[in-house]
Each structure stands twice: as structure tokens, then as C-alpha cells.
Amino acid sequence: VIILHDASGPDTYEQQRATILAHKNGYVGFVADIYGFYAEPPPPDAPWAERGAFTQQFTNNATLFSMRIQAAIDYVMGM
Numbered sequence: 094v095i096i097l098h099d100a101s102g103p104d105t106y107e108q109q110r111a112t113i114l115a116h117k118n119g120y121v122g123f124v125a126d127i128y129g130f131y132a133e134p135p136p137p138d139a140p141w142a143e144r145g146a147f148t149q150q151f152t153n154n155a156t157l158f159s160m161r162i163q164a165a166i167d168y169v170m171g172m
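So this is what it looks like as C-alpha cells:
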């Protein structure tokens, strides 16, 4: 199961969801980082306009967004 994060980026919430799915249901849980390893999203307490501007580079670009999701799928399929 691939878990996608919310606007704040991958954090312990998504990791916990993946762990629960793995333990309770026997799945492999994987948290995909759609932003990328070197991305620096604004902090959670930043104004929404700042956080929204950061996430829009992915949500407004369907090709980039789907490529990031496909990369996660490809990675999990190769595990």
C-alpha cells in the first residue's frame, strides 16, 4: 500500500498509517515523498498562502504529480 502525504509533506502520521496497514493486514506499507528528498516545504505554521504556493507546483502540474506517484509505484514494485 502506498500512502501519499498531505500538504505538510511526509511525517509520522503517514508513517503510522503505513505501519498499521502492514501490521494489521499483512501489507507492505510505503510512504511516498511526492515533494522529493531535497525539497524544503514551508513549516506547518507558515501562512497558508506560502504553503499553498509550494504545493501548487505539484497539484497544478498533473504530469509532474503523476510522475512522482509512478516513481513510488515503480519503487514498491521492485521491492
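Numbering (my numbering), first residue to last: 94 to 172. Beta carbons are placed, not taken as given, at the ideal position from N, Cα and C, and that holds for glycine. Nothing here was measured: the structure is a model prediction, and the numbers come from that model.
Check	Outcome
Specify the secondary structure class of Val124 as computed by DSSP and reduced to three states.	strand
Suppose the cutoff is 6 Å on Cβ atoms and the five residues either side in sequence are ignored; what does the same chain contact list for His98 look like?	Glu107
Using 8 Å as the cut-off, can you tell me whether the segment 148-166 makes contact with the segment 114-129, which would need three or more C-beta pairs spanning the two stretches below that distance?	yes
Determine the closest residue to Ala132 out of Asp167, Val94, Ala100, with distance taken between C-alpha atoms.	Ala100
So, Pro136 versus Phe147, is the Cβ gap smaller than 7 Å?	no
Anyone know if the C-beta pair for Ala111 and Gly122 falls short of 7 Å?	yes
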